[in-house]
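K.L.:
Pasting a structure below so you can have a look.
2 protein chains.
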Amino acid sequence: MLKVGIIGVGTVGTSVANILIDNKNIITARAGKEIVPTIGVVSNLGKKRDVSIKLTTNADEILEDDSIDIVVELMGGIDKPYEIVKKALLKGKAVVTANKALLAYHRYELQELAGDIPFEFEAAVAGGIPIINALRDGLSANHIKSIQGIMNGTCNYMLTRMINDGVNYDEILKEAQELGYAEADPTFDVGGYDAAHKLLILGSIAYGIDVKPEEILIEGIENITKADIEFAKEFEYSIKLLGIAKKVGNEIELRVHPVLIPEDKMIAKVDGVMNGISVVGDKVGETMYYGAGAGGDATASAVVANIIDIARKGKGSPMLGFEKQPGEKITLMPKENIQTKYYLRLEVADKSGTLAKVATIFGNNSISIENMMQKPLKDSKANLLLTTHTCVEKDILKAIKELENSGVVLTKPNMIRIED
Amino acid sequence: MLKVGIIGVGTVGTSVANILIDNKNIITARAGKEIVPTIGVVSNLGKKRDVSIKLTTNADEILEDDSIDIVVELMGGIDKPYEIVKKALLKGKAVVTANKALLAYHRYELQELAGDIPFEFEAAVAGGIPIINALRDGLSANHIKSIQGIMNGTCNYMLTRMINDGVNYDEILKEAQELGYAEADPTFDVGGYDAAHKLLILGSIAYGIDVKPEEILIEGIENITKADIEFAKEFEYSIKLLGIAKKVGNEIELRVHPVLIPEDKMIAKVDGVMNGISVVGDKVGETMYYGAGAGGDATASAVVANIIDIARKGKGSPMLGFEKQPGEKITLMPKENIQTKYYLRLEVADKSGTLAKVATIFGNNSISIENMMQKPLKDSKANLLLTTHTCVEKDILKAIKELENSGVVLTKPNMIRIED
């Protein structure tokens with residue numbers, strides 16, 4: 001028998017306890033032993049919760065209890081869970097966490113501390129989708145060439161509604177907040193930070209690269225307008241917030257930003273609050289994993305899968321530096337060296353000479369245009385919408401700055417990267 | 001170090017040997033030890049093959065060699081591989097096979113014989129997609145409510161072309177044969193038998209049910225016409241050949257047939273030769289897995305993942321009666337008791353009274369109509385296209401028989417089940 005202590009008994013913690021009880025028969029059969037949730041730690045004992053396990057406010061009742069085998073950390077935050085997970089591992093307890101922020105900052109350190117003690121976190125990326133399982137086991141024969149993930153349901157819901165129903169950003173943000181999909185302060189979701197935490201976890205598994213959120217390119221969906229969406233539809237693109245990890249030589253690209261992506265790509269078809277992650281392996285080609293990225297039961301499904309796995313295997317599985325080969329030196333690709341195609345929306349005066357100025361600036365920066373269209377606006381203004389051939393991020397940023405300085409654009413240009 | 005012997009060095013066997021060599025560094029790191037392909041068994045030594053391992057025509061050079069740890073069976077067929085796998089397991093060798101026909105008939109027996117010796121077959125279902133891994137590990141906290149799989153790339157390619165490009169069945173079959181997607185005798189693919197073998201493997205993992213292909217409902221895509229496709233498009237359905245496993249009480253539905261499926265469902269968006277499998281768990285909700293279902297490297301990716309897994313774990317994982325709880329009695333639902341919605345195409349004489357006769361027959365069999373449309377054909381004939389509300393398979397079959405006997409239909413009615 002394995003005893004489980006749950007630190008943080010909110011929506012997910014409640015589901016974990018209840019799944020272990022509701023599905024006890026199959027879980028026992030699959031794990032090869034009984035798994036019993038025995039105690040939960042909460043901050044407020046007065047709050048009504050739908051669980052039958054004993055509750056306490058004192059985490060040490062789990063950490064200092066030698067009979068507890070597995071600690072499930074579902075607190076949220078970084079510093080306090082970090083101390084608790086460390087203490088649990090030092091006590092020799094297996095740890096399962098769904099805490100992506102904790103992992104985005106401390107996963108290597110904690111994994112190293114864990115050594116052979118299981119330290120698992122399937123639920124931290126894309127909720128119920130077994131994507132870490134796929135990367136570590138199912139695709140283990142492959143060099144991972146790239147990962148593209150829709151890993152934030154809030155953003156995907158908002159973008160889907162903007163594309164399918166023509167709703168604009170402010171309206172849909174309000175709706176998402178009313179539906180409970182977005183927080184009162186939505187920055188963490190719409191700004192791309194949540195997706196970035198998840199991307200760093202996948203990047204570490206695929207490539208063994210250890211970087212912090214502050215080091216990578218993160219852009220949110222706040223600047224996407226109806227004009228961008230109309231252009232995308234006209235050129236058969238969808239717009240998605242993607243977390244992208246890609247190996248180019250010995251450098252790893254890690255970036256989160258909205259993309260224009262051909263609408264016939266499988267990941268472009270992932271709509272609404274759902275998550276989807278496309279992984280390209282050198283042998284298997286593209287595979288994609290789809291499901292609910294959030295929600296108590298879906299997330300708890302992944303937590304319990306980790307618990308069952310721990311019961312089966314009894315020790316940790318190799319994790320760190322998964323892709324890194326002995327002696328191989330991999331580094332994060334500097335943001336300004338990223339190469340891709342770009343979409344730009346420029347608000348310009350609708351008069352002769354404008355196009356020539358724009359074209360000159362692009363030419364001077366080694367940027368060549370693939371598609372262009374001009375849409376009239378009110379008051380003799382126009383939107384100039386264009387896509388480039390593949391070019392270098394620093395060149396496009398320089399061109400945008402020059403466009404702004406030259407006065408040819410009337411407002412700050414909007415740029416969206418293209419993935420195809 | 002683990003030594004691997006490969007029995008059957010065709011496209012997949014060649015890829016297995018080459019992946020083990022090409023990706024040796026990461027595989028060694030992930031497996032925790034070196035894995036070496038040492039010998040392959042072929043029937044014709046004279047044929048040129050792109051492998052560097054030793055080749056022989058004598059399987060006993062693997063089976064009788066105590067230094068070989070893992071036997072990879074990629075022969076095809078049933079009886080001969082059955083004998084070879086049995087012998088390998090009796091010799092205590094781990095076995096990895098991609099042979100779905102062998103498994104459709106003998107998996108329980110072989111798994112039981114294997115006991116704690118690893119007997120793995122990820123590649124037998126949906127090629128490179130790690131679906132067995134997902135069912136056994138990633139979704140282990142869930143009762144599996146249903147599985148819907150596009151598991152035959154040939155059929156999916158043909159249906160996609162028929163739907164997107166209006167090509168008719170005979171033309172597209174010829175094209176698929178020319179492209180090498182379909183065999184000269186295409187029955188095994190287009191008749192649904194290949195998908196059925198894969199479905200039985202998934203059914204055994206999800207539900208622990210042991211039945212043979214002969215016992216389940218299998219229909220192919222041979223009777224789908226342009227008229228059906230046009231109707232489907234008009235009502236926003238796609239047409240897919242699905243393998244379906246579903247638990248209803250203590251009965252398991254297992255069936256392979258074309259379906260009309262709402263085109264906004266994720267699995268309906270899996271196009272071309274690709275495979276996709278949707279799994280609904282009681283906790284996680286719907287998850288979907290997508291990728292290449294065939295091809296040497298993709299299939300070999302799954303074979304090698306199993307080999308790496310064996311190297312890591314060193315013994316078999318619980319497999320049989322996965323979902324079946326102690327004492328639970330599950331049985332195959334008899335075909336005639338299946339309940340779903342149905343689409344029917346009836347070729348009728350375009351004259352008064354026809355509709356009344358049709359309606360009477362449906363009414364007498366407790367079948368109620370949901371949608372209906374009539375499309376004129378040449379020579380005063382018409383296609384009557386309709387969908388029913390949920391009804392019982394035996395009732396619809398009886399109604400079809402009565403329609404034929406009554407003379408109201410001019411040709412054999414075409415029936416396609418609806419999944420939504």
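Protein chains in written order, with full-length UniProt numbering: chain A, 1 to 420; chain B, 1 to 420.
For glycine and all other residues, C-beta sits at the position ideal for the given N, C-alpha and C.
Give the interface partners of glycine 272 (chain A) over in chain B, defined as CB-CB distance under 7 Å, in chain order.
P.N.:
On the first sequence, residue 272 (chain A) is found 272 positions in, with the first residue counted as 1. Under the 7 Å cutoff, chain B gives no residues; its nearest Cβ is about 10 Å from glycine 272 (chain A).
K.L.:
Against serine 301 (chain A), what residues of chain B qualify as contacts under a CB-to-CB distance less than 8 Å, listed in chain order?
P.N.:
Taking the first residue of the first sequence as 1, we reach residue 301 (chain A) at position 301. Within 8 Å Cβ-Cβ: Leu139, Ala141, Asn142, Gly281, Lys283, Val284.
K.L.:
Check the C-beta distance from valine 358 (chain B) over to valine 408 (chain B) and give it rounded, since I have them as a contact under 8 Å.
P.N.:
Counting from one through the second sequence, the residue named residue 358 (chain B) turns up at place 358. Counting from one through the second sequence, the residue named residue 408 (chain B) turns up at place 408. Sure, about 6 Å apart at Cβ, within 8 Å.
K.L.:
Could you give the DSSP three-state label for tyrosine 290 (chain A): helix, strand or coil?
P.N.:
As a first step, residue 290 (chain A) must be located in the first sequence, where it is residue number 290. Correct three-state label for tyrosine 290 (chain A): strand.
K.L.:
With 16 as the cutoff for other CB atoms within 10 Å, does alanine 300 (chain B) come out buried or exposed?
P.N.:
Walking along the second sequence from the start, residue 300 (chain B) turns up at place 300. Buried, by the Cβ-count rule.
K.L.:
Can the beta-carbon of leucine 110 (chain A) be found closer than 8 Å to that of alanine 124 (chain A)?
P.N.:
Locating residue 110 (chain A) in the first sequence gives position 110, where the first residue counts as 1. Locating residue 124 (chain A) in the first sequence gives position 124, where the first residue counts as 1. No.
K.L.:
Figure out for me which residue from B:Thr287, B:Gly92, B:Ala382 has the closest Cα to the Cα of methionine 266 (chain B).
P.N.:
Working through the second sequence from its first residue, we reach residue 266 (chain B) at position 266. Checked all of B:Thr287, B:Gly92, B:Ala382; the closest Cα to methionine 266 (chain B) is B:Thr287.
K.L.:
Run through the DSSP bridge pairs and tell me what glutamate 253 (chain A) is partnered with.
P.N.:
Here residue 253 (chain A) refers to the residue found at position 253 of the first sequence. Its beta-bridge partners are A:Lys246.
K.L.:
Give every residue of the same chain whose Cβ lies closer than 6 Å to the Cβ of threonine 97 (chain A), excluding the five residues on either side of it in the sequence, and list them in chain order.
P.N.:
Your numbering for residue 97 (chain A) matches position 97 in the first sequence. So the list reads Glu73, Phe121, once near-sequence residues are dropped.
K.L.:
Chain B partners of lysine 269 (chain A), CB-CB under 8 Å?
P.N.:
Residue mapping note: residue 269 (chain A) aligns to position 269 of the first sequence, counting from 1. Neighbours of lysine 269 (chain A) on chain B, chain order: Met266, Lys269.
K.L.:
With distances taken between CB atoms, is the gap from isoleucine 229 (chain B) to isoleucine 239 (chain B) smaller than 8 Å?
P.N.:
Locating residue 229 (chain B) in the second sequence gives position 229, counting from the first residue. Locating residue 239 (chain B) in the second sequence gives position 239, counting from the first residue. It is a contact, given that the beta carbons lie within the stated cut-off.
K.L.:
Verify whether the separation of the beta carbon atoms of alanine 114 (chain A) and leucine 89 (chain A) is less than 8 Å.
P.N.:
In the first sequence, the residue the question calls residue 114 (chain A) occupies position 114. In the first sequence, the residue the question calls residue 89 (chain A) occupies position 89. Contact: yes.
K.L.:
If contacts are defined as beta-carbon pairs under 8 Å, then arginine 161 (chain A) and isoleucine 172 (chain A) qualify, I think. What distance do you get, rounded to the angstrom?
P.N.:
By 1-based counting over the first sequence, the position of residue 161 (chain A) is 161. By 1-based counting over the first sequence, the position of residue 172 (chain A) is 172. With a Cβ gap of about 5 Å, arginine 161 (chain A) and isoleucine 172 (chain A) count as contacting.
K.L.:
What residue from A:Tyr237, A:Asn223, A:Gly5 has the CA that sits closest to glutamate 419 (chain A)'s CA?
P.N.:
Within the first sequence, the letter at position 419 stands for residue 419 (chain A). Closest by alpha carbon: A:Tyr237.
K.L.:
What I want to know is whether the C-beta of isoleucine 144 (chain B) ends up closer than 7 Å to one or more non-hydrogen atoms of the ligand NAP.
P.N.:
The ligand NAP is not part of this structure, which contains no ligands at all.
K.L.:
When the Cα of isoleucine 84 (chain B) is compared with those of B:Ile35, B:Ile7, B:Asp22, which residue comes out closest?
P.N.:
In the second sequence, the residue the question calls residue 84 (chain B) occupies position 84. Looking at the Cα atoms, B:Ile7 is the closest of the given residues.
K.L.:
Among B:Met373, B:Leu397, B:Gly293, whose alpha-carbon lies nearest the alpha-carbon of glycine 153 (chain B)?
P.N.:
The residue labelled residue 153 (chain B) in the question sits at position 153 within the second sequence. Glycine 153 (chain B) has its Cα closest to that of B:Gly293, out of B:Met373, B:Leu397, B:Gly293.
K.L.:
So, at 6 Å on beta carbons, what are the nonlocal neighbours of lysine 412 (chain B) in its own chain, with the 5 sequence-adjacent residues on each side left out?
P.N.:
Numbered from 1 along the second sequence, position 412 holds the residue referred to as residue 412 (chain B). Result list for lysine 412 (chain B): empty, nothing under 6 Å.
K.L.:
Valine 16 (chain A) to isoleucine 277 (chain B), Cα distance in whole Å?
P.N.:
The residue given as residue 16 (chain A) occupies position 16 in the first sequence. The residue given as residue 277 (chain B) occupies position 277 in the second sequence. Their Cα atoms are separated by approximately 26 Å.
K.L.:
Return the first residue and the last residue of the alpha helix (DSSP H) that methionine 158 (chain A) is part of.
P.N.:
The sequence position of residue 158 (chain A) within the first sequence is 158, counting from 1. Run containing methionine 158 (chain A): 153–165, per the alpha helix (DSSP H) assignment.
K.L.:
Around the C-beta of aspartate 194 (chain A), are 16 or more other C-beta atoms found within 10 angstroms, so that it is buried, or is it exposed?
P.N.:
Reading the first sequence from its first residue, position 194 is the one you call residue 194 (chain A). Answer is buried; the Cβ neighbour count reaches 16.
K.L.:
Cα-Cα, which of B:Leu242, B:Glu234, B:Ile163 is closest to lysine 198 (chain B)?
P.N.:
Against the second sequence, residue 198 (chain B) aligns to sequence position 198. Ranking the options by Cα distance to lysine 198 (chain B), first place goes to B:Leu242.
K.L.:
Just to confirm, is the Cβ distance from isoleucine 338 (chain B) to isoleucine 27 (chain B) under 8 Å?
P.N.:
The residue given as residue 338 (chain B) occupies position 338 in the second sequence. The residue given as residue 27 (chain B) occupies position 27 in the second sequence. No, Cβ-Cβ distance for isoleucine 338 (chain B) and isoleucine 27 (chain B) is not below 8 Å.
K.L.:
Just the Cα atoms here: how many angstroms apart are aspartate 170 (chain A) and arginine 255 (chain A)?
P.N.:
Taking the first sequence and counting its residues from 1, one reaches residue 170 (chain A) at position 170. Taking the first sequence and counting its residues from 1, one reaches residue 255 (chain A) at position 255. Roughly 25 Å between the two C-alpha positions.
K.L.:
With 8 Å set as the bound, which would you pick, yes or no: does the beta-carbon of asparagine 156 (chain A) sit closer than that to a beta-carbon of chain B?
P.N.:
Reading the first sequence from its first residue, position 156 is the one you call residue 156 (chain A). Answer no: the Cβ-Cβ gap between asparagine 156 (chain A) and chain B never drops below 8 Å.
K.L.:
Alpha carbon to alpha carbon, how far is asparagine 164 (chain B) from leucine 320 (chain A)? Give it in angstroms, no decimals.
P.N.:
Counting from 1 along the first sequence, the entry for residue 320 (chain A) is found at position 320. Counting from 1 along the second sequence, the entry for residue 164 (chain B) is found at position 164. Its pLDDT being 43, under 50, leucine 320 (chain A) is placed unreliably by the model, and nothing is read from it.
K.L.:
Nearest to alanine 196 (chain B) by CA position, among B:Lys341, B:Glu402, B:Thr340, B:Gln148, is which residue?
P.N.:
Within the second sequence, numbered from 1, the residue matching residue 196 (chain B) stands at position 196. Selected option, being the one with the closest Cα: B:Gln148.
K.L.:
If I measure Cβ to Cβ from alanine 382 (chain B) and keep anything under 7 Å in the same chain, skipping five residues before and after, which residues do I get?
P.N.:
Taking the second sequence and counting its residues from 1, the one referred to as residue 382 (chain B) is at position 382. Hits under 7 Å: Val348, Asp350, Gln374, Lys375, Pro376.
K.L.:
Between which two residues does the beta strand (DSSP E) containing leucine 74 (chain A) stretch?
P.N.:
Working through the first sequence from its first residue, we reach residue 74 (chain A) at position 74. Careful: leucine 74 (chain A) lies outside any beta strand (DSSP E) and carries neither H nor E.
K.L.:
Among B:Asn414, B:Lys87, B:Met75, whose alpha-carbon lies nearest the alpha-carbon of alanine 257 (chain B)?
P.N.:
Reading the second sequence from its first residue, position 257 is the one you call residue 257 (chain B). Correcting the residue identity first, residue 257 (chain B) is histidine in this sequence and not alanine. Among B:Asn414, B:Lys87, B:Met75, the Cα nearest to that of histidine 257 (chain B) is on B:Asn414.
K.L.:
Are the CB atoms of aspartate 137 (chain A) and asparagine 133 (chain B) nearer to each other than 8 Å?
P.N.:
Counting from one through the first sequence, the residue named residue 137 (chain A) turns up at place 137. Counting from one through the second sequence, the residue named residue 133 (chain B) turns up at place 133. Contact: yes.
K.L.:
Give the interface partners of isoleucine 308 (chain A) over in chain B, defined as CB-CB distance under 7 Å, in chain order.
P.N.:
If you number the first sequence from 1, residue 308 (chain A) lands on position 308. Chain B residues near isoleucine 308 (chain A): Ser140, Ala141.
K.L.:
According to the Cβ coordinates, are alanine 245 (chain B) and serine 366 (chain B) closer than 8 Å?
P.N.:
For this step, residue 245 (chain B) is matched to residue 245 along the second sequence. For this step, residue 366 (chain B) is matched to residue 366 along the second sequence. No; because the gap between Cβ atoms is not below 8 Å, this pair is not in contact.
K.L.:
Please compile the residues from chain B whose C-beta is within a distance smaller than 8 Å of the C-beta of isoleucine 27 (chain A).
P.N.:
Position 27 of the first sequence holds residue 27 (chain A). The contacting residues are Ser140, Ala141.
K.L.:
Threonine 390 (chain A) and leucine 341 (chain A) - do their beta-carbons sit closer together than 8 Å?
P.N.:
Against the first sequence, residue 341 (chain A) aligns to sequence position 341. Against the first sequence, residue 390 (chain A) aligns to sequence position 390. The displayed chain sequence assigns lysine, not leucine, to residue 341 (chain A). Taking 8 Å as the Cβ cut-off, lysine 341 (chain A) and threonine 390 (chain A) qualify as a contacting pair.
K.L.:
Can you tell me where the alpha helix (DSSP H) with glycine 203 (chain A) in it begins and where it stops?
P.N.:
Walking along the first sequence from the start, residue 203 (chain A) turns up at place 203. Note, glycine 203 (chain A): alpha helix (DSSP H), 193–207.
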